[in-house]
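Notes to accompany the following structure.
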Amino acid sequence: MKTIQDLLTASRALLQDQMEPYRYPTADLIMGLNLGLTEAYRLRPDMFVRREVPFFTIADILNSHTLPQGYQSAFLYYMIGHVQLRDAEDTQDARAGVFINKFTTQLLGMA
Amino acid sequence: MASPFDRIMNTARMRLPGAVDDAMRQELFEVCLDFFRDAAIWQDDIEFVLLAGGIRAEVFPQAGRILKIMEVKADGRKCFGFRMDDEGVIVAPHPFSKTIVYTATFMMTVTDPVTRDAFPIIPLEIVGRHHNVFLEGLLAKMMSHPSKPYTNIQMAAYHQNRFKGSISRARNEKHTGNAMGAQRWTFPRFS
């Protein structure tokens, strides 16, 4: 996953949201990624040595990202967890919690 | 171009699952600071000219930072009383009546790399010869981080002990001129 678009595609596959019009707007998913990055800064400041925490917008979709290799799936899970936190018929808070906890576990632990 | 630190980084990546390279590079700088300060293994000879009547001269190393003056010589003879109150500014004990060219041996250390991708700039032969010292120091520092996948306080202490031991051995080797069983001072030869 080299670009933001790659992350969006992977997240839409897990969200079963691959047909337009999308259930989860692209802007919400990118917001989830940005929040995941700030959360990562809190938990793992070593990921941002000598650089600012990146902030992405819709205009950056085709740009390559600089997420640390080995942690891309963690950010993917945070994006999915974030959009599933909202009150919707198709999802449950428990599932959102699982994804966000998975993100935290991957950042802090060996599992 | 391959960096002299590649072997160290590759081994460290295997032993520190989940560690990011930027953090390892950052800690490698701290390891270098500890190593060069405690082992005094990076020494550089720099010439400087002290003008007649002056007591100050500036020196500019090609790489690294000056930590301490180790020795000052003029015409092959040791000179005493030289100080370095500010980095790179040599102060003579008193003004001399003629201009003299001195050669000073300095204890050197690393300067902070200017870019995120850069490794500390140090002589290649030191990295090659003492790569285990850098590795032990890096592992010790990384494993002592709080709440990381690679955090392991016991192993951090183990590697820290090995790091300190390796620093002592490196300092001793340098001190004895890398001669087995030797000491720095020997009886003068009269033959």
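Which chain is which? The protein sequence lines are A and B, in order. With our numbering applied, the first sequence covers 232 to 342. With our numbering applied, the second sequence covers 11 to 201. Think of the CB as a built atom: it goes at the ideal place given N, C-alpha and C, for glycine as much as any other residue.
Backbone CA spacing between residue i and residue j [nearest angstrom]
i              : j              : result
N182 (chain B) : A50 (chain B)  : 10 Å
A166 (chain B) : A102 (chain B) : 44 Å
D31 (chain B)  : L148 (chain B) : 12 Å
Q247 (chain A) : R254 (chain A) : 9 Å
H296 (chain A) : K233 (chain A) : 6 Å
M304 (chain A) : T269 (chain A) : Inspection of the sequence shows that residue 304 (chain A) is occupied by Ser rather than by Met. Distance between the alpha carbons of S304 (chain A) and T269 (chain A) is about 16 Å.
V314 (chain A) : P133 (chain B) : 51 Å
K83 (chain B)  : H141 (chain B) : 32 Å
L43 (chain B)  : E320 (chain A) : 58 Å
R243 (chain A) : A258 (chain A) : 13 Å
T186 (chain B) : W52 (chain B)  : 15 Å
G340 (chain A) : Y160 (chain B) : 8 Å
P156 (chain B) : R139 (chain B) : 31 Å
Q323 (chain A) : Y308 (chain A) : 15 Å
T109 (chain B) : K88 (chain B)  : 17 Å
L238 (chain A) : L245 (chain A) : 11 Å
R317 (chain A) : M250 (chain A) : 20 Å
G64 (chain B)  : T121 (chain B) : 29 Å
T336 (chain A) : F286 (chain A) : 23 Å
P343 (chain A) : T240 (chain A) : Because residue 343 (chain A) is not part of the residues shown, which for chain A are 232 to 342, the question remains open.
R282 (chain A) : F197 (chain B) : 56 Å
P123 (chain B) : S13 (chain B)  : 14 Å
F92 (chain B)  : N20 (chain B)  : 43 Å
Distance CB(residue i)-CB(residue j) smaller than 8 Å
i              : j              : result
M263 (chain A) : F334 (chain A) : Note on identity: in this sequence residue 263 (chain A) is Gly, with Met being the wrong assignment. Contact: no.
M152 (chain B) : M34 (chain B)  : yes
D54 (chain B)  : T113 (chain B) : no
F46 (chain B)  : M94 (chain B)  : no
V111 (chain B) : E57 (chain B)  : yes
I131 (chain B) : G74 (chain B)  : yes
F129 (chain B) : L38 (chain B)  : yes
E81 (chain B)  : T115 (chain B) : yes
G28 (chain B)  : G312 (chain A) : no
Q36 (chain B)  : V280 (chain A) : yes
L274 (chain A) : M310 (chain A) : no
I177 (chain B) : D48 (chain B)  : yes
E97 (chain B)  : I79 (chain B)  : no
F90 (chain B)  : L60 (chain B)  : no
V143 (chain B) : A189 (chain B) : no
Q170 (chain B) : A192 (chain B) : no
L145 (chain B) : A22 (chain B)  : yes
Residue i: contacting residues in chain C (beta-carbon distance under 9 Å)
i              : result
M341 (chain A) : In the structure shown, chain C does not exist; the protein chains are A and B.
For residue j and residue i, believed in contact at Cβ under 8 Å, the rounded distance
i              : j              : result
P299 (chain A) : M278 (chain A) : 5 Å
I235 (chain A) : I292 (chain A) : 5 Å
Exercise for the section: Note down, in chain order, all residues in the stretch 298-331 of chain A with a beta-carbon under 7 Å from any beta-carbon belonging to chain B. Expected result: Shown in chain order are the members of the stretch 298-331 of chain A whose Cβ falls below 7 Å from a Cβ of chain B: P299 and G301.
Exercise for the section: Compile a chain-ordered list of the residues in the stretch 20-51 of chain B whose CB is closer than 8 Å to at least one CB of chain A. Expected result: From the stretch 20-51 of chain B, only P27, G28, A29, V30, D32, A33, R35 and Q36 have a Cβ closer than 8 Å to chain A.
Practice task
Would you list, in chain order, the members of the stretch 133-154 of chain B that have their beta-carbon closer than 8 Å to a beta-carbon of chain A?
Solution key: Under the 8 Å Cβ criterion, the stretch 133-154 of chain B contributes no residue.
Problem - Members of the stretch 279-294 of chain A that neighbour chain B once the beta carbon cut-off is set at 7 Å - result: Within the stretch 279-294 of chain A, the residues whose Cβ lies closer than 7 Å to any Cβ of chain B are, in chain order, V280, R281 and R282.
Practice task
Pick out the complete alpha helix (DSSP H) segments inside the stretch 129-161 of chain B, 4 residues or longer, and give them in chain order.
Solution key: Runs of the alpha helix (DSSP H) inside the stretch 129-161 of chain B: 134-139 and 141-153.
Problem - Proximal residues, the stretch 264-278 of chain A versus chain B, C-beta separation under 8 Å - result: Result list: L274, R275, D277 and M278.
Practice task
Taking only runs that begin and end inside the stretch 75-122 of chain B, name each unbroken beta strand (DSSP E) of 3 or more residues, in chain order.
Solution key: Look at the stretch 75-122 of chain B and you find these whole runs of beta strand (DSSP E), each 3 residues long or longer: 75-84, 87-89, 93-96, 99-101 and 110-119.
Practice task
Only counting runs of 3 or more residues, tell me where the beta strand (DSSP E) segments fall wholly within the stretch 16-69 of chain B, in order along the chain.
Solution key: The qualifying runs are 53-60 and 66-68.
Problem - Start-end ranges of the alpha helix (DSSP H) lying completely within the stretch 303-337 of chain A, minimum 4 residues - result: As far as the stretch 303-337 of chain A is concerned, its whole alpha helix (DSSP H) runs of at least 4 residues are 303-315.
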